[in-house]
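Chemist: So the sequence lines, in the order shown, correspond to chains R and U. If you count by our numbering, then the first sequence holds residues 1 to 311, one letter each, in order. If you count by our numbering, then the second sequence holds residues 312 to 571, one letter each, in order. Have a look at the structure that comes next, please.
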Amino acid sequence: MLAALALVAVGLIAAYLTIGVQGGWDFVLPFRGRRVGAMVVVGAAVAAATVAFQTLTSNRILTPSIMGFDALFQAIATVTVFAFGQAAMLRLGTIGNFAISLAVMLGASLALFWSLLGGARRSLHLVLLVGVVLGTMLRSLTLMLQRLLDPDAFLVLQGRLFASFSGVNPTLLWVSAAVVCGAVTVLFALRRRLDVMTLGRETATALGVGYRATTLLVVTLVAILISTATALVGPITFFGLLVANLAYHLARTHRHAWTLPIAALLAVVVLVGGQIILEHGFGQRTLLSVIVEFLGGIVFLTLLIAEGRRR
Amino acid sequence: MSGMSGAACIETRELLKRYGQTVVIDGLSLRIPAGQVVSIIGANGAGKSTLLTMIARLLPASGGTVWIDGADVSSAKPDALARRLGILRQDNHLAVRLTVRELVTFGRYPHSKGRTTAEDVAAVDDALRFLDLEPLAGRYLDELSGGQRQRAFVAMVLAQDTEYILLDEPLNNLDLARASSMMGLIRRLARERGKTVISVLHDVNFASAWSDSIIALRAGRVVAQGPPASVITAEVLREVYGTEVAIVESGGQRLVDYFT
Ligand SMILES: Nc1ncnc2c1ncn2[C@@H]1O[C@H](COP(=O)(O)OP(=O)(O)OP(=O)(O)O)[C@@H](O)[C@H]1O
Ligand SMILES: [Mg+2]
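Set out below in structure tokens:
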């Protein structure tokens with residue numbers, strides 16, 4: 001299963017790098033290579049974070065985006081433009097924007113997790129509730145500020161409000177790759193403990209797993225992964241739900257030794273495949289999220305219905 | 312205030328559980344020596360499950376201390392404790408779909424940390440055999456009857472192979488024959504393997520027939536503790552359950568007739 005998926009992922013990456021290249025290899029290859037690199041980094045980050053998050057919440061329809069990461073990212077960009085003007089945003093440059101977004105998102109989410117999960121029997125669901133409320137507030141604030149912006153400023157801002165893999169800064173790509181690689185490695189090392197966490201707080205405790213310590217560690221890793229991916233390419237958590245559930249479906253087990261890598265590979269397949277369709281099927285005239293969610297949704301529903309018939 | 316000497320036992324002192332103003336476990340001091348079959352009886356809401364889950368550190372106490380072999384549970388290392396004490400809870404709900412064997416294998420986690428060895432497989436097989444679950448090992452839990460599922464969760468606790476075993480209503484959902492064989496199994500665990508098994512039981516006749524010692528709880532306090540002969544009396548049971556019963560001697564055992 002893993003090998004087949006890995007093969008598909010590599011095949012798609014090779015296809016993406018080479019389709020329709022006529023001469024000018026030394027220009028096209030690094031350009032497309034950077035995009036693919038960003039897709040692999042972001043795909044692995046969002047997939048692993050979503051699987052881990054769903055394990056902690058014992059819920060297969062929640063994703064970390066419910067905590068309002070996307071909303072926070074958009075609010076940061078909007079407030080920057082609103083308060084300091086579009087010139088400030090441009091002057092900050094890619095690296096400055098990345099650093100600010102990352103710092104604020106990580107700081108806010110960790111402050112939320114650590115303050116609310118600190119108590120003895122505080123539940124993760126309380127944190128989710130607070131996250132949802134804060135996300136909603138941020139979204140309205142963002143909308144309100146955007147109404148007040150002048151059209152030029154809004155145009156500059158709009159470029160940052162949707163996920164985009166083009167024009168990823170190489171330095172930032174390397175930094176993000178290192179961070180994501182580290183966090184995913186730690187999550188994978190925790191895979192057996194995560195398996196026990198699926199049994200719930202009481203049983204996990206009875207089996208000797210420090211539930212609170214593990215929860216804090218895992219939500220911290222999730223925050224790092226999602227913040228980094230979002231700061232790198234924009235609001236991007238949309239495919240987490242899809243790949244996590246497809247992974248459970250394909251893995252036919254809840255063992256994280258399988259679900260984590262399968263979800264990560266699926267994410268790469270979905271993103272690179274979607275990007276190929278976007279560039280060569282639609283000539284860039286739509287959004288990656290639209291393609292991924294629409295086609296991915298059809299695939300997922302087909303699988304579910306086929307499964308329902310077999311039962 | 313320290314625990315008992317070095318004696319193998321579970322001990323609580325002034326154990327307290329409060330929800331808001333409601334006191335559920337009321338300054339309970341107990342000593343349960345190792346190697347025995349112990350039953351806890353009491354009416355619904357008496358605090359049996361609360362006591363068990365606090366001993367197993369699944370529920371933080373509002374006051375007081377629990378010692379296991381002289382070590383304070385609240386400061387014990389989680390994984391070390393999981394190799395000394397296992398618990399079957401009254402309600403077992405799982406968010407994931409597991410087979411019987413997968414569930415029982417989780418019981419080995421304190422020893423294997425998830426890297427299942429031949430020794431772990433042997434312990435799992437042993438637990439499955441003990442509970443007559445071998446034919447069902449590959450079945451998913453949601454494809455089992457209530458009694459079969461109950462046995463699967465007991466098997467998981469057995470696979471954990473701990474010195475102390477706490478079972479909250481192990482006879483739940485079991486038919487007459489299975490209930491008897493479960494009690495027989497509990498006795499074998501104590502006699503053959505030297506385990507200490509503490510079970511919450513609702514059927515006082517099972518408690519009377521199979522226990523070395525019985526603890527009777529009422530409203531979070533111990534009403535009586537001792538061998539069946541001293542606890543299974545009309546007076547104690549009246550106090551515990553608030554109802555009149557007759558005690559009949561039959562074949563050297565004290566049985567409770569609660570139909571008349
Ligand atoms: N989370 C809670 N909040 C408030 N009260 C609680 C809570 N959990 C339990 N209680 C109360 O504590 C008391 C003891 O509950 P416990 O579950 O220990 O009873 P029990 O002896 O196991 O009863 P049963 O035979 O029905 O299982 C009950 O009165 C119950 O209502
Ligand atoms: Mg109970």
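Backbone N, C-alpha and C fix where the C-beta goes; we use that ideal spot for every residue, glycine too. Nothing here was measured: the structure is a model prediction, and the numbers come from that model.
Quick one: using the 10 Å Cβ neighbour count with 16 as the cut-off for buried, is Trp25/R buried or exposed?
Modeler: In the first sequence, counting from the first residue as 1, residue 25/R sits at position 25. Counting C-beta atoms within 10 angstroms of its own C-beta, Trp25/R has fewer than 16 neighbours from the protein chains shown and is therefore classed as exposed.
Chemist: If you count every other CB in all the chains shown that lies within 10 Å of the CB of Thr50/R, and 16 or more means buried, which is it?
Modeler: Indexing the first sequence from 1 puts residue 50/R at position 50. So Thr50/R counts as buried.
Chemist: What's the C-alpha gap between Leu260/R and Ser176/R?
Modeler: Within the first sequence, numbered from 1, the residue matching residue 260/R stands at position 260. Within the first sequence, numbered from 1, the residue matching residue 176/R stands at position 176. Taking the straight line from one Cα to the other gives about 19 Å.
Chemist: Measure the alpha-carbon distance for Ala257/R versus Val435/U and round it to whole angstroms.
Modeler: Here the question's residue 257/R lines up with position 257 in the first sequence. Here the question's residue 435/U lines up with position 124 in the second sequence. Cα to Cα, Ala257/R sits roughly 21 Å from Val435/U.
Chemist: Would you mind working out which of Gly234/R, Leu288/R, Thr205/R and Leu194/R sits nearest Ala48/R, comparing C-alpha positions?
Modeler: For the purposes of this step, residue 48/R is taken as the residue at position 48 of the first sequence. Looking at the Cα atoms, Leu194/R is the closest of the given residues.
Chemist: Please check if any C-beta of chain R sits within less than 7 Å of the C-beta of Leu512/U.
Modeler: On the second sequence, residue 512/U is found 201 positions in, with the first residue counted as 1. No, no contact with chain R.
Chemist: Check each residue of the region 413 to 439 of chain U: if its Cβ is closer than 8 Å to any Cβ of chain R, include it; give the result in chain order.
Modeler: For the region 413 to 439 of chain U, which is checked against every Cβ of chain R, the residues closer than 8 Å are Phe417, Gly418, Tyr420, Pro421, Lys424, Gly425 and Arg426.
Chemist: Which complete alpha helix (DSSP H) runs does the region 181 to 255 of chain R hold, if anything under 4 residues is left out?
Modeler: DSSP runs (the alpha helix (DSSP H)) wholly in the region 181 to 255 of chain R: 191 to 197, 201 to 206, 211 to 233 and 240 to 251.
Chemist: For the region 205 to 228 of chain R, list every residue whose C-beta sits within 8 Å of some C-beta in chain U, in sequence order.
Modeler: Thr205, Ala206, Leu207, Gly208, Val209 and Gly210
Chemist: Is DSSP giving Val556/U helix, strand or coil here?
Modeler: Against the second sequence, residue 556/U aligns to sequence position 245. Judged by DSSP in its simplified three-state form, Val556/U adopts coil rather than helix or strand.
Chemist: May I ask you to list the residues that DSSP assigns as paired with Gln158/R?
Modeler: Mapped onto the first sequence, residue 158/R falls at position 158. According to DSSP, which records beta bridges pairwise, Gln158/R is partnered with nothing at all.
Chemist: Do the region 66 to 81 of chain R and the region 95 to 108 of chain R meet, that is, are 3 or more Cβ pairs less than 8 Å apart?
Modeler: Segments in contact, yes.
Chemist: Consider the C-beta atom of Asn355/U and the heavy atoms of ligand 1; say whether any pair is separated by less than 6 Å.
Modeler: Position 44 of the second sequence, counting from 1, holds the residue named residue 355/U. Asn355/U: yes, Cβ under 6 Å from ligand 1.
Chemist: Quickly, what does DSSP pair Asp383/U with across the bridge? List them, please.
Modeler: Here residue 383/U corresponds to residue number 72 of the second sequence, with the count starting at 1. In the DSSP output, where bridge partners are listed per residue, Asp383/U has Trp378/U.
Chemist: The alpha helix (DSSP H) with Val127/R in it runs from where to where?
Modeler: By one-based count along the first sequence, residue 127/R stands at place 127. It spans Leu124 to Leu148 - the alpha helix (DSSP H) in which Val127/R sits, taken as one unbroken run.
Chemist: Near ligand 2, which residues have their beta-carbon less than 7 Å from any of its heavy atoms, given in chain order?
Modeler: Lys359/U, Ser360/U, Gln401/U, Asp479/U, Glu480/U and Val511/U
Chemist: Please list the partners that His317/R has in chain U, where partner means a Cβ-to-Cβ separation under 8 Å.
Modeler: An answer regarding residue 317/R cannot be provided, because it is not within the stretch 1 to 311 covered by chain R.
Chemist: Taking the C-alpha atoms as reference points, what is the distance between Met315/U and Gly308/R?
Modeler: Taking the first residue of the second sequence as position 1, residue 315/U is located at position 4. Taking the first residue of the first sequence as position 1, residue 308/R is located at position 308. Confidence at Met315/U is low in this model, with a pLDDT of 45, below 50, so its placement is unreliable and the value that follows should be read with caution. Approximately 59 Å between the Cα atoms of the pair.
Chemist: Is Leu363/U close to chain B, meaning its C-beta is less than 7 Å from at least one C-beta of that chain?
Modeler: In summary, chain B is missing from the structure at hand, where the protein chains are R and U.
Chemist: What does Leu199/R reach in chain U if we use C-beta pairs closer than 9 Å?
Modeler: The sequence position of residue 199/R within the first sequence is 199, counting from 1. By Cβ distance, chain U contributes Leu405, Ala406, Val407, Leu409, Leu414 and Phe417.
Chemist: Tell me the residue span of the beta strand (DSSP E) that contains Val21/R.
Modeler: Within the first sequence, the letter at position 21 stands for residue 21/R. It is not in any beta strand (DSSP E) - Val21/R carries neither H nor E in the DSSP assignment.
Chemist: Val335/U: beta carbon under 6 Å from a heavy atom of ligand 3?
Modeler: In terms of ligand content, the structure shown lacks ligand 3 and carries ligand 1 and ligand 2 instead.
Chemist: Are the CB atoms of Met39/R and Val272/R within a distance shorter than 7 Å?
Modeler: To locate residue 272/R, count along the first sequence from 1; it is residue 272. To locate residue 39/R, count along the first sequence from 1; it is residue 39. Cβ atoms of Val272/R and Met39/R: closer than 7 Å.
Chemist: Quickly, what does DSSP pair Val348/U with across the bridge? List them, please.
Modeler: Translated into positions along the second sequence, residue 348/U becomes position 37. Val508/U, per the DSSP bridge assignment.
Chemist: Just the Cα atoms here: how many angstroms apart are Ser313/U and Ser510/U?
Modeler: Taking the first residue of the second sequence as 1, we reach residue 313/U at position 2. Taking the first residue of the second sequence as 1, we reach residue 510/U at position 199. Confidence in Ser313/U is poor, its pLDDT being 44 and thus under 50, which makes the residue's placement too unreliable to answer from.
Chemist: Measuring only between beta-carbons, confirm whether Ala393/U sits less than 7 Å from chain R.
Modeler: Within the second sequence, numbered from 1, the residue matching residue 393/U stands at position 82. Interface residue, yes.
Chemist: Spatial neighbours of Thr361/U within its chain, please: CB distance less than 6 Å, with the 5 preceding and 5 following residues excluded, ordered by chain position.
Modeler: Here residue 361/U refers to the residue found at position 50 of the second sequence. Cβ within range, chain order: Lys328, Val335 and Ile336.
Chemist: Taking 7 Å as the threshold (beta carbon to beta carbon), is Ser313/U in contact with chain R?
Modeler: Numbered from 1 along the second sequence, position 2 holds the residue referred to as residue 313/U. With a pLDDT of 44 at Ser313/U, under the threshold of 50, the modelled position of this residue cannot be trusted, and the question is left open.
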